[in-house]
Amino acid sequence: MVDEDDLYPRRKDDRKRQMFDSSDARKAVENVLDDDTMDALLKAADRDLINKMYGIIESGKESAILLADTKEGLAAVKIYMKRAGAFREMYHYLKGDKRFRNVKNDRRAIIDAWAKKEFKNLKKASNVVRCPELYGLQENVLVMEFIGENFSPYPKLKDVNIENPETALDQTLNKMKNLWEEEKLVHGDLSEYNILVESDKLVWIDFSQGVHKTHPEAEQLLKRDVKNIVNFFNSQGANRDIEKALNVVFSAS
Ligand SMILES: Nc1ncnc2c1ncn2[C@@H]1O[C@H](COP(=O)(O)OP(=O)(O)OP(=O)(O)O)[C@@H](O)[C@H]1O
Ligand SMILES: [Mg+2]
């Protein structure tokens, strides 16, 4: 079958133009994304998942975060890069997770499964902890609630002044415990970099590394998360023993 877009490349250009708020935004995004991902964005727009793309909030090696308008309101669009280097590691994390046991060992399948993993993890996590609401998923493109104001994300935990580090630490440890016990999930990359601060509320983001409790490395990841969190809050004035914190999180309630 012939793809209509191959016959009418101009039509595709028109659609791209319509999708972006300005030509500067389009050029900036085109510089970062590959053609396949651009196609996934167009599909998301065709599905009414995205109305307008405004531009890039942050872009790293493995993913880019874009700002968009959607029917649900302002959205963060997280795009997992097809050129990401960490395929072997991603494949390893996916294979060990019973939800993704059958993932194929090819780049495209791995990246799409990675996006789906963050989507599923966010869905589970939302039962326990404040995190971005899900709007939708299209291949390697995840559309979620924008956590911020005036078009800027709220600050990361590492960049704010914490008034009561002991209380914030207790709350965070309790959420980790609940996520583990009730949703059988570990965040896997929890730190002051992946928590945003919305007035006095902590919002957890970046769940792509999260795995199911039955993953062979799940406990190790949870321990690492606990250590990172305790070390961070201790550096902000708390005084917590890591072993005691581990006991709280791992003890059966
Ligand atoms: N839902 C959101 N709302 C507002 N800002 C967001 C949202 N998601 C991500 N961001 C912003 O983008 C930054 C990077 O996002 P995130 O931590 O999810 O990706 P990453 O660290 O690049 O991802 P990964 O580790 O999966 O490659 C965040 O620190 C935050 O500033
Ligand atoms: Mg992050």
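Throughout the sequence shown, residue numbering follows the numbering used here, covering -15 to 237 in sequence.
The C-beta atom is built at its ideal place from N, Cα and C for all residues, glycine as well.
Nothing here was measured: the structure is a model prediction, and the numbers come from that model.
Point to revise | Contact set for G132: own chain, Cβ-Cβ below 6 angstroms, skip 5 residues either direction | key: Y138
Practice item. Could you check the C-alpha separation between V87 and E201 for me, to the nearest Å? Key: 18 angstroms
Review point. By a C-beta neighbour count over all protein chains shown, 10 Å radius and 16 as the cutoff for buried, is Q2 buried or exposed?
Key: exposed
Exercise for review: Could you name each continuous alpha helix (DSSP H) segment of 4 residues or more that falls completely within the segment 117 to 166, going from the start of the chain to the end?
Suggested key: 149 to 166
Check your understanding: Which residues, in chain order, sit with a beta-carbon under 5 angstroms away from any heavy atom of ligand 2?
Key -> N178 and D190
Check your understanding: So, helix, strand or coil for V113, using DSSP?
Key -> coil
Point to revise | Alpha-carbon spacing of A97 relative to M65, whole angstroms | key: 12 angstroms
Exercise for review: Apply the 10 Å Cβ neighbour rule to T21 and answer buried if 16 or more other Cβ atoms are within range, or exposed otherwise.
Suggested key: buried
Review point. Per DSSP, which one or two residues make a beta bridge with E182?
Key: K185
Point to revise | Run of the beta strand (DSSP E) containing A70, from where it starts to where it stops | key: Taken as a continuous stretch (DSSP letters only), A70 belongs to no beta strand (DSSP E), as it is neither H nor E.
Review point. Under the criterion of a Cβ to heavy atom distance below 7 angstroms, does G120 qualify as lining ligand 3?
Key: Of the ligands one can find in the structure shown, namely ligand 1 and ligand 2, none is ligand 3.
**Study point:** Alpha carbon of I213 to alpha carbon of V170, nearest angstrom
**Key:** 13 angstroms
Check your understanding: With which residues is E42 paired in a DSSP beta bridge?
Key -> I49
Review point. Does the Cβ of F4 lie closer than 7 angstroms to at least one heavy atom of ligand 1?
Key: no
Review point. With which residues is H196 paired in a DSSP beta bridge?
Key: L169
Practice item. Could you give the DSSP three-state label for A222: helix, strand or coil? Key: coil
Practice item. Could you please give the first and the last residue of the uninterrupted alpha helix (DSSP H) stretch that includes R13? Key: According to the sequence as given, residue 13 is Val; it is not Arg. Its alpha helix (DSSP H) spans residues S7 to V16.
Check your understanding: Taking the Cβ atom as the reference point for each residue, do K100 and L121 lie within a distance shorter than 8 angstroms?
Key -> yes
Review point. Between I131 and ligand 1, is the CB less than 7 angstroms from at least one heavy atom?
Key: yes
Exercise for review: Below 8 angstroms on the Cβ atoms is my guess for T54 versus V125; work out the distance and round it to an integer in Å.
Suggested key: Not confirmed; about 12 angstroms, so no contact.
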